Amino acid sequence: MNKKTSGKIGVLLVNLGTPDTPNTPDVRKYLREFLLDKRVIDIPAIARYALINGIIAPFRAPKSAKVYKELWTERGSPLLYHGRDLQEKLQASLGNGYHVAFGMRYQSPSIKSALEELREQSVDRIIVLPLFPQYASASTGSVQDKIMEIVKDWWIVPSINFISSFCDDPGFINAFAELGKQHMAQDNYDHVVFSYHGLPERHILKGSDHGYCKLGSCCNSYNKRNKYCYRAACFATSRLLAEQLGLREDQYTVAFQSRLGKDPWLQPYTDFILKDLPAKGIKKVLAYSPAFVADCLETTIEVGEEFKEMFLEAGGEKWQLVESLNSNPMWVEAVKEMILAN
Numbered sequence: 072m073n074k075k076t077s078g079k080i081g082v083l084l085v086n087l088g089t090p091d092t093p094n095t096p097d098v099r100k101y102l103r104e105f106l107l108d109k110r111v112i113d114i115p116a117i118a119r120y121a122l123i124n125g126i127i128a129p130f131r132a133p134k135s136a137k138v139y140k141e142l143w144t145e146r147g148s149p150l151l152y153h154g155r156d157l158q159e160k161l162q163a164s165l166g167n168g169y170h171v172a173f174g175m176r177y178q179s180p181s182i183k184s185a186l187e188e189l190r191e192q193s194v195d196r197i198i199v200l201p202l203f204p205q206y207a208s209a210s211t212g213s214v215q216d217k218i219m220e221i222v223k224d225w226w227i228v229p230s231i232n233f234i235s236s237f238c239d240d241p242g243f244i245n246a247f248a249e250l251g252k253q254h255m256a257q258d259n260y261d262h263v264v265f266s267y268h269g270l271p272e273r274h275i276l277k278g279s280d281h282g283y284c285k286l287g288s289c290c291n292s293y294n295k296r297n298k299y300c301y302r303a304a305c306f307a308t309s310r311l312l313a314e315q316l317g318l319r320e321d322q323y324t325v326a327f328q329s330r331l332g333k334d335p336w337l338q339p340y341t342d343f344i345l346k347d348l349p350a351k352g353i354k355k356v357l358a359y360s361p362a363f364v365a366d367c368l369e370t371t372i373e374v375g376e377e378f379k380e381m382f383l384e385a386g387g388e389k390w391q392l393v394e395s396l397n398s399n400p401m402w403v404e405a406v407k408e409m410i411l412a413n
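Numbering-wise, our numbering puts 193 at position 122 of the sequence shown, and it's gapless, one number per residue.
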């Protein structure tokens with residue numbers, strides 16, 4: 072009797088993307104690809120094209136380039152090299168039965184090149200892990216959309232399994248909590264701020280299960296009806312982290328950063344709430360950015376530097392960013408367990 076042969080399992084790790092260099096032309100190129108995505112700015116195509124190419128990219132690129140130059144290291148973009156490090160360590164941990172590829176939704180290395188890498192390995196199936204803990208159409212949904220667009224032209228399409236959310240994954244929560252505990256062991260903090268990347272409120276409402284979402288108390292529990300609600304997922308992550316850190320409800324705040332345009336985005340806004348904390352006697356803050364698993368502009372610069380400056384100017388004494396998971400061994404093990412479970 073012939074034994075059934077079994078090939079490798081492909082693993083595709085995907086993060087958002089980064090400019091190839093911190094120079095203005097490359098930053099402009101990145102911003103155009105990112106913001107022209109219909110899942111990111113969900114307005115009619117003609118209006119989106121005019122807005123991005125006529126206003127946002129030309130004027131925002133030079134300012135963003137200056138910030139990217141602050142972020143850049145000898146190894147290049149942190150988002151890229153942390154992704155490569157995670158890929159390498161996960162490959163070593165999973166072993167020869169797996170082939171781990173890494174791609175970016177925007178710019179290089181592309182999702183297409185990563186998928187081609189897996190196809191060349193003749194993998195039996197592919198497990199896709201978008202590196203966004205909380206599902207959002209503008210991040211995880213966009214990755215899924217792009218992958219399906221690419222593989223539709225393949226003559227043979229292997230089984231593809233998407234890990235769409237891991238906001239409450241025990242390994243993810245434990246790894247992030249341990250990083251926070253290390254800081255808490257060195258100093259006494261008055262409060263913890265969990266700052267998440269923002270989204271327009273309309274994005275949340277468009278994905279609501281038959282009007283279930285009210286942008287309010289419906290996010291107090293995480294269940295099958297709001298499983299893919301970004302706001303509910305952010306609150307779920309915060310509750311689990313707070314539990315691991317031994318925090319009461321009054322000892323932490325959930326807030327949202329990085330808004331764009333005039334439409335209402337998820338609230339409260341991090342830059343608003345942090346300015347009020349010192350007046351309440353909160354002088355030392357431990358800041359998390361749990362929507363990101365790799366350090367990048369939004370963590371290192373926005374939360375780590377810009378928010379720190381605002382907090383100190385408002386009368387605060389210490390603002391400490393908890394670093395992202397990057398390729399921490401605890402995170403590598405958590406990712407491994409998610410892959411094995413799928």
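From the three backbone atoms N, C-alpha and C, an ideal C-beta is built for every residue, glycine too. All figures in this text were calculated on a predicted structure; none of them were measured in a lab.
### Query
Any idea if R99 is buried or exposed, counting beta-carbon neighbours within 10 angstroms, 16 or more meaning buried?
What you label residue 99 is simply residue 28 of the sequence shown in a count that begins at 1. By the 10 Å Cβ count, R99 comes out buried.
### Message
Once DSSP output is grouped into helix, strand and coil, what is the label at K407?
### Response
Mapped onto the sequence shown, residue 407 falls at position 336. In the three-state reduction of the DSSP assignment, K407 falls in the helix class, which pools H, G and I.
### Query
Measuring CA to CA, which of T324, D334, G352 is closest to D342?
The residue you call residue 342 lines up with position 271 of the sequence shown. Cα-wise, what sits closest to D342 is T324.
### G287 burial status per 10 Å Cβ neighbour count (16 or more: buried)
Here residue 287 refers to the residue found at position 216 of the sequence shown. Note on G287: under 16 other CB atoms within 10 angstroms of its CB, so exposed under the neighbour-count rule.
### Task
Closer than 6 Å by C-beta to Y359: which residues in its own chain qualify, once you throw out the five before and the five after it? Chain order, please.
Working through the sequence shown from its first residue, we reach residue 359 at position 288. Excluding residues up to 5 positions away in sequence, F265, V393 lie with their Cβ nearer than 6 Å to the Cβ of Y359 in the same chain.
### Task
Could you please give me the residues that DSSP links to V263 through a beta bridge?
Taking the sequence shown and counting its residues from 1, the one referred to as residue 263 is at position 192. V263 is bridged by DSSP to Y323, L357.
### Task
Taking Q205 as part of the alpha helix (DSSP H), name the residues at either end of that continuous run.
Position 134 of the sequence shown holds residue 205. It is not in any alpha helix (DSSP H) - Q205 carries neither H nor E in the DSSP assignment.
### Query
Is D240 buried or exposed, if buried means 16 or more other CB atoms sit within 10 Å of its CB?
Against the sequence shown, residue 240 aligns to sequence position 169. Answer is buried; the Cβ neighbour count reaches 16.
### Query
Would you call H262 buried or exposed, if buried means 16 or more other Cβ atoms sit within 10 Å of its Cβ?
By 1-based counting over the sequence shown, the position of residue 262 is 191. Per the 10 Å Cβ criterion, buried.
### Message
Quick check on the burial criterion: 16 or more other C-beta atoms within 10 angstroms. Buried or exposed for Y120?
### Response
As a working mapping, residue 120 is identified with position 49 in the sequence shown. Result: exposed.
### Query
If we count the other Cβ atoms within 10 Å of its Cβ and call it buried at 16 or more, is E373 buried or exposed?
Translated into positions along the sequence shown, residue 373 becomes position 302. Burial call: buried.
### Query
What's the call for D258, buried or exposed, on a 16-neighbour Cβ count within 10 Å?
Taking the first residue of the sequence shown as 1, we reach residue 258 at position 187. Exposed, since its Cβ has fewer than 16 Cβ neighbours within 10 Å.
### Message
Just to confirm my understanding: we take E404, look at its own chain, exclude 5 residues before and 5 after, and list those with CB closer than 6 Å. What are they?
### Response
On the sequence shown, residue 404 is found 333 positions in, with the first residue counted as 1. Same-chain partners within the cutoff: there are none.
### Query
According to DSSP, is Q338 helix, strand or coil?
Along the sequence shown, read from residue 1 onward, the residue named residue 338 stands at position 267. Of the three classes helix, strand and coil, the one that applies to Q338 here is coil, per DSSP.
### Query
Taking the beta strand (DSSP E) that S230 falls in, what are its first and last residues?
In the sequence shown, the residue the question calls residue 230 occupies position 159. Note, S230: beta strand (DSSP E), 230 to 233.
### Query
From what residue to what residue does the beta strand (DSSP E) around I80 run?
Working through the sequence shown from its first residue, we reach residue 80 at position 9. DSSP places I80 in the uninterrupted beta strand (DSSP E) bounded by 80 to 88.
### Query
What separation, rounded to the nearest whole angstrom, lies between the Cα atoms of T76 and P229?
Position 5 of the sequence shown, counted from the first residue, corresponds to residue 76. Position 158 of the sequence shown, counted from the first residue, corresponds to residue 229. Confidence at T76 is low in this model, with a pLDDT of 47, below 50, so the placement of that residue is unreliable and no value is reported for it.
### Query
What three-state label does DSSP hand P115 in the structure shown?
If you number the sequence shown from 1, residue 115 lands on position 44. P115: coil per DSSP, three-state reduction.
### Task
Return helix, strand or coil for Y293, following the three-state DSSP convention.
Here the question's residue 293 lines up with position 222 in the sequence shown. Coil, per DSSP.
#### Entry: Range of the contiguous alpha helix (DSSP H) that encloses L157
Taking the sequence shown and counting its residues from 1, the one referred to as residue 157 is at position 86. Annotation: the continuous alpha helix (DSSP H) that includes L157 extends over 149 to 165.
### Message
For K183, list the residues DSSP reports as bridge partners.
### Response
Counting from one through the sequence shown, the residue named residue 183 turns up at place 112. Partner(s): none; K183 has no beta bridge.
### Query
So the beta strand (DSSP E) Q391 belongs to, where does it begin and stop?
Residue numbering aside, residue 391 sits at position 320 when the sequence shown is read from its first letter. 389 to 392 is the extent of the beta strand (DSSP E) around Q391.
### Query
Where R103 and P115 are concerned, what is the direct C-alpha to C-alpha distance, given to the nearest angstrom?
Position 32 of the sequence shown, counted from the start, is the residue given in the question as residue 103. Position 44 of the sequence shown, counted from the start, is the residue given in the question as residue 115. Here the alpha carbon of R103 sits roughly 16 Å from the alpha carbon of P115.
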